[in-house]
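Residue numbers (the working numbering): 1 to 64.
Cβ coordinates follow ideal geometry from the N, Cα and C atoms, glycine included.
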């Protein structure tokens, strides 16, 4: 039973690591297109400001 469990765990880990490159490429592609559309429509700066506000809120909540 332990060998079966370790085999499944190893296979799952291998599959997750093997798919990281594709996930990173898809994420980069999506963020690039979203940034281009936001810049063209003129909402890039307000959205970045909102994002930075939330990052600041979460960062400060973990610091204190």
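Going straight from the alpha carbon of residue 47 to that of residue 6, what length do you get?
-> In the chain shown, counting from the first residue as 1, residue 47 sits at position 47. In the chain shown, counting from the first residue as 1, residue 6 sits at position 6. Here the alpha carbon of residue 47 sits roughly 45 Å from the alpha carbon of residue 6.
By DSSP, does residue 1 sit in helix, in strand, or in coil?
-> For this step, residue 1 is matched to residue 1 along the chain shown. In this structure, residue 1 counts as coil in the three-state DSSP scheme.
Look up residue 43 in the DSSP assignment and say whether it is helix, strand or coil.
-> The residue labelled residue 43 in the question sits at position 43 within the chain shown. DSSP places residue 43 in coil when its eight states are reduced to three.
CA-CA distance, residue 49 and residue 34?
-> Locating residue 49 in the chain shown gives position 49, where the first residue counts as 1. Locating residue 34 in the chain shown gives position 34, where the first residue counts as 1. Roughly 15 Å between the two C-alpha positions.
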